[in-house]
Structures are given as structure tokens and as C-alpha cells.
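In my numbering, the protein residues as written are -11 to 555. Glycine included, every Cβ here is placed at the ideal spot set by N, Cα and C. Here's the structure we're looking at; comments come further down.
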Ligand code: ATP
Ligand code: MG
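Here it is in C-alpha cells:
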């Protein structure tokens, strides 16, 4: 008896607060046992990691409780919207691993919303205002001071009807008139102070073309769209808390008390995702793209879903991060390091281990026969035996990391030092015998001798040496460009900074290494979204522009958090 109770309570504890609400509603048989959510992006930009948080909630809760989540494009502003964004949004949702039920558009409801607006005018609940938006804003009042009524507020109904028609026929210039709901200029909720519900926009809409000249405001479209579709749980972010009563108000008007079951969407709000060292505003992200401050929406430094994908994040890593931060009712700023920690954990289990030398110096194994080669077995992923092995070619001339050699090294430098032994990964133990230097002291070549009896895997080969170095064979490796990324912004919270966000960009957020060498296996299937670990260096993936003739790899994340050490 008690045991069952216990397991029930742990089950409950693992639900977030919205899942808990949904579970209770379903248990109580609300909405006839139906669960319907939606993800409602405005197609005016690419999705970012904040949207991913909303997606994991909207789709996740429907999935978990056997409901349906629809995708609705809130396309009420043709000025900024485009089909390019529509397609990108669909692709990103699918990549994240979610499936929508139906695809809807707010523009599907333009006629219904128009009819509703006309009805409101006829009932004396809406009027055409000819003031400028500045005048209207100036009359809004403050939360403690009532607003001032527009001189057009009590104009004859007939006049408003005619003007609304004219607003939509193209006779009235943009900005000259708006339609406002007549509610209450003294309401303590500012959104009730005769909100603008329609404005004129002279721009072709990506779906309805030139059919409409007036477009509903988001607040006049969003709640009703949910209602038309039969959404049961309308989940959104906290900034919409004060809008909720207005949505309910419009639905009350729309239903006219006909719907006695009170079948309306219930809105629940969770905290937005804010991340350190980046921005989440679509306006700012668009500016970065348009001003070529980054290489497009999918620049690997962008917090966009496509940016993370190009950077080498797996969908699982993104979802793991969303899971780690959870859902609350309080806004916070999450640490970018947590996103990277999620990526490391995910990639450690997933990535193929390969060898790549990013800053090469030549290593010559002087006692290894010229022209001889050996195929060495390399484990693909020690975390996952079933991933098998591949081979890497060993030869007399190798590339090693310049930083792995020191002529005069401190005691704890367990790498290549004259007179000392190290193991070359998957190959032999070698003893460093010296180096060749240029006149300016630059190391040109490093020399070593190998011990033939120490080949990895051979019986008794494993005598103790401190330090294992990665390498690639000069004749059997491929040149590559490697891109190392860092924080896009220099300040922790760019959105809270008074300075223009462009001034806060980190000038060192991209470092290009053009003289790298990778083993051949690393370059196989370069665009197949392979997750790689360059041994000892970090997690990498081939860039979308990588070709066999010009290999390009992006660093997803380093093996360790280098910023943590500096603090
Ligand atoms: P805009 O400035 O264009 O309104 P937006 O970020 O609100 O941008 P929408 O396309 O309206 O973009 O957002 C779609 C959904 O994603 C909304 O339900 C919104 O609440 C949610 N969302 C947007 N940004 C975040 C974020 N940072 N964290 C969590 N959810 C978010
Ligand atoms: Mg929005």
C-alpha cells in the first residue's frame, strides 16, 4: 500500500508544473479528456534555443499525455514575415525530434477575425481612431493613472463601419487610422485601455497576397486562433501573463455566452530562456545576419537551432539542456556553460574518436624504415563498444602538435621532451632524441626512436609511460581548416547592457586554423552529420561548406570548460 503511494509521489515529482496541471485536468476529465497544444511561432526569423524550450514543452507535454500539438504560424504582420522562415521553422522542429498534428496559420482566420471585428463595431465595442500612434500612446496613462479617452471613441457606429471598410480597401494610407476595442480606459490592466486591434499594412502577405490591407494585432489574433482550433492548454512564456485577461475578454465577446460548457483554451505561462553571452531577440539576431556580423542565421556562434546544428550539437544535446534547466514561473539568466556541459555529456557518448593535429610540427621516427607503413587499430568510441574500430596509418613521418614538444620542459610536462618516452596513441612508445631549429629558434622538426616491441595491443607492450600523444601520418592525412568558436558576446548579459549590442560582440569569437591535418577516417561522409572527437582537443563536426578538396571542421565544444579555470 505505502509502496504504491511512494512510487506515485516520485512520479508526480518528476512532472514539471505544467505537466502536473495537464495530468490533473485529464484525470478530472476536463475538455472531454482532450489535450491539444500548439507551438505558435511568428515566421519572422529562425528559431533559437529559447524557442526550443517552448517546443520541448508544447510538443513534449502532448506526447507525454497522448494529446496533439499543432504548429500554428502567427502570421499577422506581413512586414517581417516570409516563407523562408516558415520552411526553416518546420525543418528545425523536425530536427529536434517532434511531430506536429496539423499546420495552421493565423491568416486562415483573417475572415473570421474581420467578421468578429465588424460585429464589435456594430455592438458599439470598437471604433476607428484617426489619431497617430504617438497620440494614442500618450493617452494610455500609467498603471496608477487612468488613460484619456480618444476624441473618436464615441463616433457613430455607422462611421466606424464605413471607415473600417475603407481602411481595408486601400483608400486610407498606412498609419492614418486604426481600429480600437472600446473597453475601459481606466482599467488597472493597461492592455484593456482600448487596445488597437487592427492596423493598415500595405505589404503583400506571403499567404493571402493583397487580399487584405488591414491586419489584426497579435493580441486580437492569438487567443481567438487558439479558440478556433480547440486548443485546451495554451502554453506560453511569462510576459503574456498580463495579456491573458484580454484574451479571455475577447473570447467572452466571441462566444456571446453561447458556449455554456466554457470550452476555452486555458493559458499557462513558464519562464523564458535567457542565456549568458548571447542574445535571443529576433530583431538583434536579424541585424547580426543582415549586417554580416555573422555568417548567416546558421553561423555556428548563433544561438539559433540551425546554428547549433551546424556547430555540431545533436538534437539530444539540445533537449538534454532544456531538461537540465527545467520550467519555472520566475525569469532567470541561464549559464551558457550549462548548454556546453549538456553537449559534452551527449557527445562523449556519441562521438567517433579520431586524430587531428591542429598546430602541426613534423615528427620523424628516425629508426622506422623509410617507405614502411602499418595499419593501427583505433577504437571508435570507448564509451560504446558496438561502434567498432577503424584503422589509422602509421609511418616514419608524422604530424604532432607543436605544443606537445618542449626542449627544456618542467617536470610535469609528460609529453615530447628529449630523452623521455611517450606513447603515440594506438601505436608505439617512442623516445625523443632531439629537434631541428630554425635560426629564430622555431622548432622545425622533432626526432624520436620507436620501440618495435611496444606496439599497442601486443603482449607486454604496455609498460608504463606517462603521457599519450595523438598524431597523424604526413603521407596519409588530409589538410583541413578548423574553426574554433567562442562566446559571441563579451558581456554576460548583453540584453541588459546600455551600449549598442554590436559594440559588445567578442572580436575573438572565431579563430580559423588553416594548417591542420586530420586522419582520413575523419573526412569520410563529411556532410552526414557525424559527431567527432578530435582526441585531446575537443568535439568537432564537418561544416556544411566542407568539401573533399577543402575540408572544414567546426569545434562544437572543447573537452573541458576553459572559462571555468580562468574565473
Ligand atoms: P518576437 O520578438 O518576434 O515576438 P518571439 O521570440 O516572441 O519573438 P515567437 O515566434 O512569437 O517569437 O515565439 C513563438 C513561441 O516561442 C512563443 O510561444 C514564445 O513564448 C516562445 N519563445 C520565444 N522566445 C522564447 C524564449 N527565450 N524562451 C522560451 N520560449 C520562447
Ligand atoms: Mg512573439
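Same chain only: Cβ atoms within 6 Å of residue i, ignoring 5 sequence neighbours per side
| i | result |
| --- | --- |
| residue 537 | none |
| residue 500 | 471 |
| residue 375 | 368 and 369 |
| residue 507 | 342, 343, 380, 460 and 465 |
| residue 5 | none |
| residue 563 | Residue 563 cannot be examined here, being either before or after the span of the chain that is shown, -11 to 555. |
| residue 327 | 309 |
| residue 243 | none |
| residue 59 | 27, 88 and 91 |
| residue 304 | 334 |
Whole-angstrom C-beta distance between residue j and residue i, which should lie under 8 Å
| i | j | result |
| --- | --- | --- |
| residue 264 | residue 478 | The pair is not a contact, with the Cβ atoms about 11 Å apart (cut-off 8 Å). |
| residue 377 | residue 366 | 6 Å |
| residue 260 | residue 225 | 5 Å |
| residue 476 | residue 289 | 4 Å |
| residue 310 | residue 40 | 6 Å |
| residue 73 | residue 32 | 6 Å |
| residue 457 | residue 403 | 6 Å |
| residue 155 | residue 188 | 5 Å |
| residue 167 | residue 105 | 6 Å |
| residue 81 | residue 43 | 6 Å |
| residue 371 | residue 336 | 6 Å |
| residue 181 | residue 211 | No, residue 181 and residue 211 are not in contact; Cβ-Cβ is about 17 Å, not under 8 Å. |
| residue 540 | residue 546 | Between residue 546 and residue 540 the Cβ distance is about 18 Å, and since that is not below 8 Å, they are no contact. |
| residue 340 | residue 518 | 6 Å |
Same chain only: Cβ atoms within 7 Å of residue i, ignoring 5 sequence neighbours per side
| i | result |
| --- | --- |
| residue 218 | 24 |
| residue 271 | none |
| residue 195 | 63, 93 and 95 |
| residue 581 | Limits of the chain in this structure are -11 at one end and 555 at the other, which puts residue 581 out of reach. |
| residue 282 | 276, 289 and 290 |
| residue 176 | 131 |
| residue 426 | 432 |
| residue 496 | 474 |
| residue 38 | 260, 261 and 268 |
| residue 117 | 124, 138, 140, 165, 166 and 168 |
| residue 178 | 128 and 131 |
Proximity test, residue i beta-carbon vs the ligand ATP heavy atom, cut-off 7 Å
| i | result |
| --- | --- |
| residue 448 | no |
| residue 197 | no |
| residue 240 | no |
| residue 222 | no |
Proximity test, residue i beta-carbon vs the ligand GDP heavy atom, cut-off 7 Å
| i | result |
| --- | --- |
| residue 327 | Here the bound small molecules are the ligand ATP and the ligand MG; the ligand GDP is not part of this structure. |
Own chain, CB closer than 8 Å to residue i, minus 5 neighbours either side, in chain order
| i | result |
| --- | --- |
| residue -11 | Because residue -11 carries a pLDDT of 30, less than 50, the predicted location of this residue cannot be relied on, and the following value inherits that uncertainty. Cβ neighbours of residue -11 beyond the five flanking positions: none. |
| residue 158 | 190 and 201 |
| residue 437 | 353, 354, 355, 418, 419 and 421 |
| residue 308 | 330, 333 and 334 |
| residue 120 | 163 |
| residue 346 | 389, 470, 501, 504, 522 and 525 |
| residue 216 | 97 and 100 |
| residue 76 | 34, 35, 285 and 294 |
| residue 348 | 387, 388, 389, 390, 503, 504 and 505 |
Cβ of residue i within 8 Å of any chain B Cβ
| i | result |
| --- | --- |
| residue 59 | Protein chain content of the structure displayed is limited to a single chain, and chain B is not contained in it. |
Next on the checklist: At 4 residues or longer, what runs of the alpha helix (DSSP H) sit wholly inside the region 287 to 318?
Outcome noted: 293 to 299 and 303 to 313
Checklist entry - Could you name the residues, in chain order, whose CB is less than 5 Å away from a heavy atom belonging to the ligand ATP? => result 29, 30, 38, 39, 41, 42, 224, 225, 260, 261, 268 and 270
Item to check | Uninterrupted beta strand (DSSP E) stretches inside the region 418 to 451 (no shorter than 3 residues) | outcome: 431 to 438
Checklist entry - At what residue ranges does the region 83 to 164 contain a whole run of the alpha helix (DSSP H), taking only runs of 4 or more? => result 98 to 110, 121 to 126 and 145 to 157
Checklist entry - Which runs of the alpha helix (DSSP H) spanning at least 4 residues fall entirely within the region 234 to 290, listed in chain order? => result 270 to 278
Item to check | alpha helix (DSSP H) runs wholly inside the region 492 to 538, at least 4 long, in chain order | outcome: none
Next on the checklist: Report the start-end ranges of each alpha helix (DSSP H) in the region 9 to 67 that is 4 residues or longer and not cut off at the edges.
Outcome noted: 37 to 52
Checklist entry - What are the start and end residues of each continuous beta strand (DSSP E) run of 3 or more residues lying completely inside the region 376 to 424, in chain order? => result 377 to 382, 385 to 389 and 409 to 412
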